[in-house]
Amino acid sequence: MTAPADLREFISAYLVEAEEHLAVANTQLLAVEAAQRSGSTNPRAVRETFRSLHTIKGLSAMVGVEPIVAIAHRMESFLRDFDRSGGTIPPRAIDALLKGVRAIEHRVTALGRGDSAAPPSDELLTELDSMGLAAGPIARMPEASLNLDPAILAKLAPFEVDQIFRGISQGMRALRAEFSPSPARAAEGLTINSVRERVATVADIVRVLPRATPITPDSPGGLSFVLLLLTRATNEVLVQAGGLAASAFHSIAREVTEADAALQPSIAEVLTNSADDQSFDTQTRRGVVRVDVNRLDEAMEGLSALIVTRFRLVRSIAAMNERGVNTRELSQIMTENSRQLRDLRAALVRVRMVPVSELLERVPLLVRGLCRATNRAVRLELEGGSAELDKSVSERLFPVIVHLVRNAVDHAIESPDERLRRGKPEEGLLRITCSARGSAHLEITISDDGRGIDRAAVAQKAGRTSPSDNADLLGLLCIPGLSTREIASTTSGRGMGMEIVKRTVVDELGGELEVASELGVGTTFTLRVPLTISIVDAFSFECGEQRFVVPVSMVDEIIEVDPSGVVHVPANDDGSPSVDIISRRGVAVPMIQLSQVFRLQPGAKASPKAIIVRRAGAPIAFAVDRMLGQQEVVIRPVNDVLVRAPGVSGATDLGDGRPTLVLDLVALSVSLNALPHALGASR
Amino acid sequence: MSLHVVFTLAGVEYALPVAAVLQMETFAGATFVPGAPAYVAGIVTVRGLVVPVIDLRVRFGLPPAELTTDTRIIVTEAQGRVVALRVDTAREVLQLDIEKHQPAPSVVSERASGFVQAIHALGPRLLLLVDLPKILGEKSHDHSPLLLDDDGAKARPQLPG
């Protein structure tokens, strides 16, 4: 991208807004298609699509992303044609439009990664061009008749010049406005984004162009934006709405000739038609702030630091207390402080929450594409509910849902012919539901009425015996690299396997995954995930002179171990950790010495404790030296390959400035079974 | 000319380009991570980031040393990873003329398992320039079978149909 460095700060806001409008375009295009399939039309959806693309085009031009401008412009122009012809879009054109939206999405994603947006392929442009209803050639005036700096004129695309002339011919005034961002103006709420939004309420913005200017007191950044406008509003109205001085507006029309006035009205019609809707939008948008999720993370980071500092305060107060200092008042203050921190945390967590519907809004498009690619007929039922979940959880879950939906359409649901032969309705059913489970968990089910999973076939592929129950079946499905299809299909062959689904849901998010499947009847996957992550309630304990924490949600029970009741099971001589058996309420529970697994020096055990977790429903105990307490901890990722270890899910700071390992005892017990030598093997 | 951080291990001076160094810190011990390679002293928190610490003595096959007030960690960044190196001392930052780097004699590079990339003679002093990516280890540490996804398709076992 060739945008000047100063534009970078606008890019993140641009990306957020562009993604929003892309989502709208997708949804509305599908609505158009759905309406047409049922024999009616949905002109409003056509206009909404048009408006989204129009906005994307404008935003992209502002930050200088020409490839997106080129694609969006073509889509916009033929949507305009369809709108004029009554709102019916041929199926072939809907495909082309969806393809265009996808092409824009790819480029927005690339920009988000810091890459540049690739120029659109000729193929796509030709396809989009060929879709238009051959709008008559536009009578062109020489560009020189615009009162514009040649440098600016050179940056305008032909369609933009056309737009200006059409506007003028309809009696609108064509104006150039100039805005220079400065800290002082930003403090008054005047940024290029706010100016653009405000001006847009009274004028059509043809183009916003950044340009370098000499650094003056008026333009301390050496950057200004030229806005080219078409409006019927008076200068006073513009000044009032836009927050710019009257001197900022200059006319760019030289003179209007008779011939110009005879031009057919077009764009303006659509834009004025939708004026009512636009005012509705500004109404509902008021009071909503779009925020880059990184900024929220910064705030969360600040809160994490506060929580760590609080631990330190509590410790030093305890130390004072031990020295005999009266700390009653301090303790009261700390109690209040604790409550305030909790409230602040809850408020921040709420800010990060997004509705589940956002997670599901792209599923219809996905299903549609899959059906096309695989010749399946699928009816999608979505039950989103009103639950909200943390943005980071939502982002991790999305690929999981994509995978399960792909599997359902591609593998599970039979072709229409086969379904008819089996006495099923021609159209397969894919049902996705989301519902809150308690205050902290979300349950998502993805079910289909397809062929069900053939247990024997899966077992044969994996070279194992046939699974006896659903839990066993899930275990088999999650074996890395297992695929029940011989040929990698275009839709599901690549991409992640079930093992990644499990890793995301169970290991990363600390949730649960279940499957229920009946041959010939269908399959249901159930996911239960926490609504938020990163700050968790945890037990801290000591083992082998080292402190660890384990999330409370993972712990079934903490019990005292009566040394006389421990049965030692003879260990293999291969160095794998030995297993003891303890009795809990008359049930034998295997117990593993954590210090032995981690090769730590066993500490002095005054009163040994065991932490019991459940692995696939069965209890398993980890013996530790001493429980220390329970507190909220901030989990930081431990990512580097050097320190990625089974059973370690992150690190936290308990107030001593040193990281304390956060353990995932369930994963640890699994890894002990799977790879007896995994731990300590490199030591 | 390019700035280098000079650090010592068992009395020998080593150098590392400043460009690869994020910061230097005193070292008061790291949190042990079970299952990590023996040359990893553990993890520390640096500016809110959890960072592994490589004990360079162990990495270079030297006998381990007690903690002293001179012990430092050098927080480095290479190939998108942030990793700290524990060294005996790190006190000096010097301008070195890269042109004057001499390739390490094969005896040296073999003895040091390739961790020494070049030698720089600075008056009477000999500085050994270390190969940071080699010290941090290639990404090949990363051989978790769970990471086979997209491109793992090739590696899928041929299962009987």
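Heads up: the protein sequence lines correspond to chains Y and B, in order.
Residues in the first sequence are numbered from 0 upward in steps of one, following numbering that gives the first Met the number 0.
Residues in the second sequence are numbered from 0 upward in steps of one, following numbering that gives the first Met the number 0.
Don't be surprised by glycine CBs; every beta carbon is placed ideally from N, CA and C.
Residue ranges of uninterrupted beta strand (DSSP E) with 3 or more members, entirely inside the region 170-198 of chain Y and ordered along the chain, are 172-178. Taking the beta carbon of residue 635/Y as reference, the chain B residues within 8 Å of it are 44, 47, 48 and 49, listed in sequence order. Counting only runs of 3 or more residues that sit fully inside the region 45-122 of chain B, the beta strand (DSSP E) segments are 48-54, 71-77, 80-86, 88-95 and 115-121, in chain order. Residue 0/B places its beta carbon less than 8 Å from that of residue 95/B. Under a 10 Å Cβ-count criterion, residue 127/Y is classified as buried, with 16 or more other Cβ atoms of the shown protein chains found around its own Cβ. For residue 83/B, no CB of chain Y lies under 8 Å from its own CB, so it is not counted at the interface with that chain. In the three-state reduction of the DSSP assignment, residue 200/Y falls in the coil class. Apart from the 5 residues on each side of it in sequence, residue 95/Y sits with its Cβ closer than 7 Å to the Cβ of 126, 127 and 130 in its chain, given in chain order. For residue 618/Y, the beta-bridge partners assigned by DSSP are 613/Y. When 7 Å is used as the limit between beta carbons, residue 31/B is near these residues of chain Y: 545, in chain order. Considering only 391/Y, 415/Y and 305/Y, the residue with the shortest C-alpha distance to residue 375/Y is 415/Y.
Rounded to whole angstroms, the separation of the alpha carbons of residue 65/B and residue 44/B is 21 Å.
Interface residue (Cβ-Cβ distance to chain Y less than 8 Å): residue 35/B is classified as such. Contact check for residue 547/Y against residue 626/Y fails: the beta carbons are separated by 8 Å or more. Looking only at 167/Y, 362/Y and 31/Y, the smallest Cα-Cα distance to residue 47/Y is reached by 31/Y. If the five residues before and after residue 124/B are omitted, its C-beta is found closer than 8 Å to the C-beta atoms of 12, all from its own chain and listed in chain order. The continuous beta strand (DSSP E) containing residue 515/Y extends over residues 511-517.
Taking 8 Å as the cut-off, the Cβ atoms of residue 521/Y and residue 468/Y do not count as close. Unbroken beta strand (DSSP E) stretches of 3 residues or longer found wholly inside the region 309-385 of chain Y: 352-354 and 377-382, given in chain order. In the DSSP annotation of this structure, the continuous segment of the alpha helix (DSSP H) that includes residue 392/Y starts and ends at 390-406.
Within chain B, the residues 30 have their CB atoms less than 7 Å from the CB of residue 659/Y, given in chain order.
Nearest Cα to residue 352/Y within the set 394/Y, 115/Y and 210/Y: 394/Y. With 16 or more other Cβ atoms from the protein chains shown falling within 10 Å of its own Cβ, residue 203/Y counts as buried.
At a Cβ-Cβ threshold of 8 Å, residue 618/Y and residue 560/Y do not count as neighbours.
A distance of 8 Å or more separates the beta carbons of residue 316/Y and residue 308/Y. With fewer than 16 other CB atoms across the displayed protein chains lying within 10 angstroms of its CB, residue 102/B is exposed.
For residue 600/Y, the three-state secondary structure derived from DSSP is coil. Between residue 341/Y and residue 302/Y a beta carbon distance of about 11 Å is seen, past the 8 Å cut, so the two are scored as non-contacting.
In the three-state reduction of the DSSP assignment, residue 161/Y falls in the helix class. Among the CB atoms of chain B, one or more fall inside 8 Å of the CB of residue 641/Y.
Bridge partners of residue 588/Y according to DSSP: 581/Y. Counted as a single uninterrupted DSSP element, the beta strand (DSSP E) harbouring residue 434/Y occupies residues 427-436. With contacts defined by Cβ atoms closer than 8 Å, residue 81/Y and residue 45/Y form a contacting pair. Annotation for residue 61/B: 8 and 9 place their beta carbon closer than 7 Å to its own, counting only its chain and skipping 5 residues before and after.
Annotation for residue 553/Y: no beta strand (DSSP E) segment contains it, and DSSP assigns it neither H nor E. In the displayed model, residue 55/Y falls within a helix according to three-state DSSP.
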